[in-house]
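Peer 1: Take the sequence shown: its letters are residues 423 to 650, numbered as in my numbering. Even glycine gets a Cβ: it sits at the ideal position worked out from N, Cα and C. Here the structure is a predicted model, which means the values were calculated and not measured.
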Amino acid sequence: MKRKHPLHPHTAVINKAQKTESRKIRDHALAWLAERFPETFDNTTRIRPLQIGIMNDILELNADAAAVGISRSKLREAVVVFTRRLDYLTCLKAQEMRVDLNGNAISPVSPEEAENAATQIKKRIEKKLRNSQQLNNPEIITKPRFLAYDPSTNSKSPSDCKNPTIDNHATQPERPATYTDQPLINKLMQRDTLVQHKIARAYDPSAVARLKEKLGLAQRKAAHEEIK
423 MKRKHPLHPH TAVINKAQKT ESRKIRDHAL AWLAERFPET FDNTTRIRPL
473 QIGIMNDILE LNADAAAVGI SRSKLREAVV VFTRRLDYLT CLKAQEMRVD
523 LNGNAISPVS PEEAENAATQ IKKRIEKKLR NSQQLNNPEI ITKPRFLAYD
573 PSTNSKSPSD CKNPTIDNHA TQPERPATYT DQPLINKLMQ RDTLVQHKIA
623 RAYDPSAVAR LKEKLGLAQR KAAHEEIK
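(1) What do you get for residue 442, buried or exposed, if any count of 16 or more other CB atoms within 10 angstroms of its CB means buried?
(2) Using the C-alpha atoms, what's the distance from residue 445 back to residue 515?
(3) Where does the unbroken beta strand (DSSP E) through residue 630 begin, and where does it stop?
(4) Comparing alpha-carbon positions, which option in 540, 520, 468 lies nearest residue 531?
(5) Run through the DSSP bridge pairs and tell me what residue 511 is partnered with.
(6) What is the C-beta distance between residue 511 and residue 543, in whole angstroms, given that I count them as a contact (C-beta under 8 Å)?
(7) State the start and end residues of the unbroken beta strand (DSSP E) segment that holds residue 520.
(8) For the 8 Å Cβ check, are there 3 or more pairs between the stretch 468-476 and the stretch 493-500?
(9) Taking the alpha carbon of residue 482 as the point to measure from, which residue in 468, 469, 466, 455 has its own alpha carbon closest?
(10) For the stretch 434-520, which segments carrying the alpha helix (DSSP H) assignment without a break, of at least 4 residues, lie completely within its bounds, in sequence order?
(11) Between the alpha carbons of residue 484 and residue 540, how many angstroms are there, rounded?
(12) Return helix, strand or coil for residue 530, following the three-state DSSP convention.
(13) With distance defined between alpha-carbon atoms, name the residue in 431, 463, 492, 536 nearest to residue 504.
(14) Nearest-angstrom Cα distance between residue 629 and residue 638?
(15) Return the residue from the list 557, 502, 554, 632 that minimises the CA-CA distance to residue 449.
(16) How big is the Cα-Cα spacing for residue 525 and residue 490?
(17) Should residue 471 be labelled buried (16 or more other beta-carbon atoms within 10 Å of its own) or exposed?
(18) Can you tell me which of the three DSSP states residue 537 falls into?
(19) Leaving out the 5 sequence neighbours to the left and right, which residues in its chain are closer than 6 Å to residue 635 when beta-carbon positions are compared?
(20) Relative to the alpha-carbon of residue 513, which residue among 465, 632, 469 has its alpha-carbon at the smallest distance?
Given below as structure tokens:
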């Protein structure tokens, strides 16, 4: 099942580091087996099918392996990697004799096991051909959405990554804001301040008298003077 969403760059870096460390320990386990049992696990000279159930014999040496930092799980992984090699499958296909930890021949490979090995070899070769065709066809290759963190090209550590996208600050200029009120502010600051003074108006005395008479202000003033 394929992952729907790509990994965050920081997560990808951590996973890669963990896989690298796990591979180192597994290779160390393979080297330890080759040194301890050269007739069986030293594939620099010859590789032969392993005895069925040999894993139980290997796990009995768990204490010796643990003394050099190799766990039971890494011993299992080392044997699995050893038996998945293409040259190991080839010797199964050839129905060679299976050997114990000391390299002693025990039993031959059965025809069914040889046929199964031939099928695995065919699948491995077909998969390798498909992968090579995809690499040679640029239309099939999809561009990754995330880039792995490279300390030599980025001064920030993976923990500083807050955006799960590629950092484009170095390649894309900063986009200006869609709206700004700065021009309006500048226009208001440049406008001259106008002070308006109230202009005194001249009124006709006769018109003022008629207005007062109409409003009864004249009678009120006369009555007020009589009271005094």
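Peer 2: Working from what's here:
(1) Exposed, since its Cβ has fewer than 16 Cβ neighbours within 10 Å.
(2) Residue 515 and residue 445: Cα-Cα distance of roughly 28 Å.
(3) Where residue 630 is concerned, there is no enclosing beta strand (DSSP E), although the alpha helix (DSSP H) it sits in stretches over 627-637.
(4) For residue 531, the closest of 540, 520, 468 by C-alpha to C-alpha distance is 520.
(5) Answer is none; residue 511 lacks a bridge partner.
(6) Rounded, the Cβ-Cβ distance is 5 Å, consistent with contact.
(7) For residue 520, the uninterrupted beta strand (DSSP E) run begins and ends at 519-521, by DSSP.
(8) Taking a cut-off of 8 Å for Cβ pairs, the stretch 468-476 and the stretch 493-500 do not touch, as fewer than three such pairs fall below it.
(9) Measuring from the Cα of residue 482, the nearest candidate turns out to be 455.
(10) Under the rule that a run must span 4 or more residues, the alpha helix (DSSP H) segments found entirely inside the stretch 434-520 read 460-463, 476-481, 484-489, 494-505, 508-515.
(11) Answer to the nearest angstrom: the Cα atoms are 33 Å apart.
(12) Correct three-state label for residue 530: strand.
(13) Relative to the Cα of residue 504, the nearest Cα in the group 431, 463, 492, 536 belongs to 463.
(14) Roughly 14 Å between the two C-alpha positions.
(15) Closest by C-alpha distance to residue 449, out of 557, 502, 554, 632, is 502.
(16) Going from the Cα of residue 525 to the Cα of residue 490 covers about 23 Å.
(17) Buried is the call here.
(18) The answer is helix: DSSP assigns residue 537 an H, G or I state.
(19) Cβ-Cβ distances below 6 Å link residue 635 to nothing in the same chain once the five nearest sequence neighbours on each side are left out.
(20) Taking only the C-alpha atoms, the option nearest residue 513 is 469.
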